[in-house]
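Contents: one structure, followed by commentary.
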Amino acid sequence: MRTAINLFKAFGPLCLAAGLGYLAESGEMINPYWIQIFQLACIIAISSLGLNLIYGFTGLFSLGHAAFYGVGAYTAALVMKSYGGESQYVFLAALLAGCAGAAIVAYLIGVPTLRLTSDYLGIATLGFGIIMKVLFDNIDSFIPQLGGARGMTGIAKMTTVPWAVVFLGISLILVRNLIHSSYGRALVSIREDEIAAGTMGIDIFRCKMAGFVAGCALAGLSGGLYAHLYAFLHPSNFDFFKSVDVLMIVVLGGIGNMSGTLVASFGWIFLLEGLRVVLPPEYIEFRWVLIPVLLIVTMLVRPEGLFGFREFPFLSGRDDE
Amino acid sequence: MLLSIENINVYYGRLHALRDVSLQVDRGEIVSLIGANGAGKSTALKAISGVLRPRSGTINHEGRDLAGLPPHKIARMGVAHVPEGRGVFANMTVRENLLLGAYARRSRREAEESIEKVFTLFPRLSERSAQLAGTLSGGEQQMLAIGRALVARPSLMLLDEPSMGLSPLLVGEIFNLIGEINREGTTILLVEQNAYMALSIAHRGYVLEAGGIVLSGLSADLRKDPRVQAAYLGDVGTPPPE
């Protein structure tokens, strides 16, 4: 019975939000452009949540998050394009494939790099991100359907508001439950003091790997959703600057804070698009002046991020844990 | 014999930090390792707990060789290391720190029991259980570090400089607690610069100098040894009454 109530508490609002989103989408009550932006915000939030798991909770400095996002996007798009047509089941399978693809690549990258200490890991993942961008640019030589530098077209538009909201909700619940488990405490203790964590009996390498792979899997999932939102993939969507975007969101929201990541993701995306509406067209690139200024001000005023240590009630652990 | 170290050699790069160090710790004992700064005391503890890997020699704990094993495996064999500078997880609560001490033990109930025991031993930690460890005072952090190690119910506890940075009053309090923990059955290998305090609580002692053991014996004998008195006890003054 308690499980049922908890399940309802967790998924009730989620279903409500998804339902409202569905109504808004099908009834065209809101400008479809903004609906698309809302979906993008959900997608970026999933990816940022993944990076927060890697950087914020486990303390692994990664500068290559967009590469894993890209692996997920291309994998999912390829699966869908090859087998899917318009089937929802294949879409789900494609998303899982994107998730798994990113996780496998993360594991392979993790084996040599996760033994490095923080700064060096940053450089290694930066290098990996650049290699992946070059690979995406030239991948049409191996797999012509992926389009390479010309971009990949003809992907079914499968991502809807309910899908985006449901996957964001599931990701939030998964990360929350992980963080408040003893495994999650082990991840945080590695961030706090690696040597002390080892002497607690925590297998440092395995835990780092678990955090890294799980975070990258979330990036892969969000990549798959992204691919089926715009129906077009281009390598420039997965370059170094996209990794920095996600890193900004995590730092702005507060390192190791899920609520902050959530709010900062939506804030970031809606601010970018909102400025597009507010600013006169000839000043549109002025956004890239305003946003860094905003970033600097935030860091000066709230160096611990927007939320610091506080979490929304539905994201905080039970008090005795 | 609970712990028996034979001729271990530890290097930091090309620096030879421990030279053919051998020492024994019997079950139920407090053994202290004293010596000047840089003599290799902390290095010896790190070699036992696996934080450093000895280049040669054996470290036998309850019949198994620990040399070369990673720290988490050694911790799971019942060796708890309380590092110098305490190493508490500053951004986690006192309670979370203690729960991490029980990480290797999967039973939730046992963990809760051990934590309750630590709270009776250190009532101050109980009052502050929801507070972030980084906001505790130095003495409280030391208590937390020791308490966290106790939660794992180790057979051997390695204590590195528990008196560091504490007021004389607190040093006395911490050493009383160490004695109590020992009487309840935990074997302790203690590294201390405060040789007087260390020898007053330990059963036996080893003196480490420039990476090698130069002297060993019962604490009472070491305290009377003129070389120890000159080098390590000279400025401590007269011992307070027991």
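Chains as they are written, first to last, in this note's numbering: chain E, -4 to 316; chain W, 457 to 698. We treat Cβ as the ideally placed atom computed from N, Cα and C, and that holds for glycine.
Going along chain E, which residues have a C-beta under 9 angstroms from residue i?
{"i": "E552 (chain W)", "result": "R180, V183, S184, E316"}
{"i": "Y652 (chain W)", "result": "What Y652 (chain W) touches in chain E: nothing, since even the nearest Cβ is about 28 angstroms away."}
{"i": "A560 (chain W)", "result": "M195, G196, I197"}
Is there a Cβ of chain E sitting closer than 8 angstroms to that of residue i, yes or no?
{"i": "H537 (chain W)", "result": "yes"}
{"i": "P618 (chain W)", "result": "no"}
{"i": "F545 (chain W)", "result": "yes"}
{"i": "A608 (chain W)", "result": "yes"}
{"i": "L479 (chain W)", "result": "no"}
{"i": "T592 (chain W)", "result": "It is worth fixing the name first, because residue 592 (chain W) is Leu in this sequence and not Thr. False, the Cβ-Cβ gap to chain E never drops below 8 angstroms."}
{"i": "L633 (chain W)", "result": "no"}
{"i": "R532 (chain W)", "result": "yes"}
{"i": "V557 (chain W)", "result": "Note that residue 557 (chain W) is Gly in the sequence shown here, rather than Val. Yes, G557 (chain W) lies at the interface with chain E (some Cβ there is under 8 angstroms from its Cβ)."}
{"i": "G693 (chain W)", "result": "Because G693 (chain W) carries a pLDDT of 49, less than 50, the predicted location of this residue cannot be relied on, and no value is offered for it."}
Counting contacts by CB-CB distance shorter than 8 angstroms, is residue i in contact with chain W?
{"i": "G300 (chain E)", "result": "no"}
{"i": "I174 (chain E)", "result": "no"}
{"i": "S177 (chain E)", "result": "yes"}
{"i": "N47 (chain E)", "result": "no"}
{"i": "R297 (chain E)", "result": "no"}
Identify the contact partners of residue i in chain E, using a Cβ-Cβ distance below 8 angstroms as the criterion.
{"i": "V507 (chain W)", "result": "I190, G193, T194"}
Applying a beta-carbon distance threshold of less than 9 angstroms, which residues of chain W neighbour residue i?
{"i": "E306 (chain E)", "result": "Under the 9 angstroms cutoff, chain W gives no residues; its nearest Cβ is about 14 angstroms from E306 (chain E)."}
{"i": "S254 (chain E)", "result": "Going along chain W, no residue has its Cβ under 9 angstroms from S254 (chain E), so there is no contact; the nearest lies around 16 angstroms."}
Run down chain E in chain order and give the residues with a C-beta less than 7 angstroms from the C-beta of residue i.
{"i": "A473 (chain W)", "result": "Per Cβ cutoff of 7 angstroms: no residues; A473 (chain W) is ~17 angstroms from chain E at best."}
Would you mind telling me which residues of chain W sit closer than 7 angstroms to residue i, beta carbon to beta carbon, in chain order?
{"i": "D198 (chain E)", "result": "H528"}
{"i": "S42 (chain E)", "result": "Neighbours of S42 (chain E) on chain W: none; closest Cβ ~24 angstroms, over 7 angstroms."}
{"i": "E187 (chain E)", "result": "F545, A546, N547, M548"}
Among the residues of its own chain, which have a CB less than 7 angstroms from the CB of residue i, if the five just before and after it don't count?
{"i": "G491 (chain W)", "result": "K497, V663, L664, E665"}
{"i": "L554 (chain W)", "result": "I571, V574, G603, R604, V607"}
{"i": "D314 (chain E)", "result": "For D314 (chain E), the predicted model reports a pLDDT of 44, less than 50, meaning its position is unreliable; a value from the coordinates is still stated below. Counting only Cβ-Cβ distances below 7 angstroms, and skipping sequence neighbours, we find nothing."}
{"i": "Q587 (chain W)", "result": "T549, V550"}
{"i": "A119 (chain E)", "result": "T108, L111"}
Spatial neighbours of residue i within its chain, please: C-beta separation below 6 angstroms, excluding the five flanking residues on both sides.
{"i": "R681 (chain W)", "result": "Checking the displayed sequence, the identity of residue 681 (chain W) turns out to be Asp instead of Arg. Excluding residues within five positions, none has a Cβ falling inside 6 angstroms."}
{"i": "G673 (chain W)", "result": "none"}
{"i": "A61 (chain E)", "result": "F233, K237, S238"}
{"i": "G693 (chain W)", "result": "Confidence at G693 (chain W) is low in this model, with a pLDDT of 49, below 50, so its placement is unreliable and no value can be given for it."}
{"i": "E316 (chain E)", "result": "With a pLDDT of 40 at E316 (chain E), under the threshold of 50, the modelled position of this residue cannot be trusted; read the value that follows with caution. Only H175 meet the Cβ criterion."}
{"i": "F307 (chain E)", "result": "S254"}
In chain order, what residues of the same chain lie with their CB nearer than 8 angstroms to the CB of residue i, ignoring the 5 residues before and after it?
{"i": "I197 (chain E)", "result": "A181, S184, I185"}
{"i": "E629 (chain W)", "result": "G595"}
{"i": "L267 (chain E)", "result": "R282, I286"}
{"i": "A151 (chain E)", "result": "M75, K76, G79, G80, E81, F86, H223, A226"}
{"i": "L274 (chain E)", "result": "F281, R282"}
{"i": "L109 (chain E)", "result": "L55, L116, F200, K203, M204, F207"}
Touch test, the segment 83 to 96 of chain E against the segment 255 to 271 of chain E, Cβ-Cβ under 8 angstroms, three pairs minimum: no
At least 3 beta-carbon pairs within less than 8 angstroms: the segment 63 to 79 of chain E vs the segment 209 to 219 of chain E: yes
Contact the segment 47 to 67 of chain E vs the segment 94 to 113 of chain E: 3+ CB pairs below 8 angstroms: yes
Inter-stretch contact (C-beta, 8 angstroms, three-pair minimum) for the segment 187 to 197 of chain E and the segment 472 to 483 of chain W: no
The segment 221 to 241 of chain E contacting the segment 286 to 303 of chain E, beta-carbon criterion three pairs below 8 angstroms: no
Contact between the segment 579 to 587 of chain W and the segment 637 to 647 of chain W (3+ Cβ pairs under 8 angstroms): no
The segment 200 to 215 of chain E contacting the segment 45 to 53 of chain E, beta-carbon criterion three pairs below 8 angstroms: yes
The segment 504 to 515 of chain W contacting the segment 523 to 543 of chain W, beta-carbon criterion three pairs below 8 angstroms: yes
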